[in-house]
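S.K.: Here you go, one structure.
Pasting the structure below:
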């Protein structure tokens, strides 16, 4: 029995000498300590918290979304996390808390890009169909609309978002029906090209 006890104690000591024994836990504990200090208003701790976690957050964002937008998603993660530090109580590790925020940020980005793609598919598929069937795509569409020439934007909004027919839109704008048709068609083309450019740059795809 004594020999078995000695072997057990020796094995336990050997396991704890391994480089990985407790290493991950000590890093996590340090990040949590920094998060608590940052939550209490320590700006130096906040800067250290960001430095200690930024690379890991970036890797997660690059894996879950796209390397081209990982920088933006990492920034968005901290924009969400830093104000939320005030409510962080340390019941879980700050590392897992922060990575959960990064995961949600990536999921929101994927959903947003999916909505934009669906909207553009409708733009390309049917020149007479209403563009926004899904109300959650309105924010993204409005961002794209701001890039349109004013005449094309108003014709597009009147017919595609407000549901006026071309004759009614022409009356509102004080121009011929043919002008409204032309402006709407060109607006659709502009929107499709804007999304293509954003996808090529990594902004939506």
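Residue numbers (my numbering): 65 to 269. In this text, a Cβ means the ideal position worked out from N, Cα and C, and glycines have one as well.
Confirm, please, whether the CB-CB distance from residue 234 to residue 241 is below 8 angstroms.
M.R.: Yes. Within cutoff.
S.K.: Helix, strand or coil for residue 112? Go by DSSP, reduced to three states.
M.R.: Helix, per DSSP.
S.K.: Between 98, 165, 182, which lies nearest to residue 137 when the distance is taken from Cα to Cα?
M.R.: Among 98, 165, 182, the Cα nearest to that of residue 137 is on 165.
S.K.: Mind the definition here: the segment 100 to 116 touches the segment 125 to 136 only if three or more C-beta pairs lie below 8 angstroms; say whether that holds.
M.R.: The segment 100 to 116 is not in contact with the segment 125 to 136.
S.K.: Under 8 angstroms by Cβ, that's how I've got residue 96 and residue 158 pegged, so tell me the actual separation to the nearest angstrom.
M.R.: Confirmed, Cβ separation roughly 4 angstroms.
S.K.: Output the boundary residues of the alpha helix (DSSP H) element that contains residue 235.
M.R.: Taken as a continuous stretch (DSSP letters only), the alpha helix (DSSP H) holding residue 235 covers 230 to 237.
S.K.: For residue 247, count neighbouring Cβ atoms within 10 angstroms of its own Cβ and tell me buried if that reaches 16, exposed if not.
M.R.: Buried: at least 16 other Cβ atoms inside 10 Å.
S.K.: Tell me whether the beta-carbon of residue 237 lies closer than 8 angstroms to the beta-carbon of residue 213.
M.R.: No, they are not a contact pair.
S.K.: Tell me the rounded alpha-carbon separation between residue 103 and residue 129.
M.R.: Their Cα atoms are separated by approximately 29 angstroms.
S.K.: Check this for me: beta carbons of residue 169 and residue 144, under 8 angstroms apart or not?
M.R.: Their beta carbons are under 8 angstroms apart, which means residue 169 touches residue 144 by this criterion.
S.K.: Skipping 5 residues on each side, what residues in its chain have a beta carbon closer than 7 angstroms to that of residue 285?
M.R.: Within the shown structure, residues of the chain are numbered from 65 to 269, placing residue 285 beyond reach of any answer.
S.K.: Looking only at its chain, what residues have a beta carbon closer than 8 angstroms to the beta carbon of residue 285, apart from the 5 residues adjacent to it on each side?
M.R.: Nothing about residue 285 can be reported from this structure: the residues present for the chain run from 65 to 269 only.
S.K.: Quick check on residue 226: buried or exposed, where buried means 16 or more other Cβ atoms within 10 Å of its Cβ?
M.R.: It counts as exposed.
S.K.: Got a sec? Which residues, its chain only, sit under 6 angstroms from residue 100 by beta carbon, not counting five neighbours each side?
M.R.: Cβ within range, chain order: 154.
S.K.: Apply the 10 Å Cβ neighbour rule to residue 231 and answer buried if 16 or more other Cβ atoms are within range, or exposed otherwise.
M.R.: Exposed: under 16 other Cβ atoms inside 10 Å.
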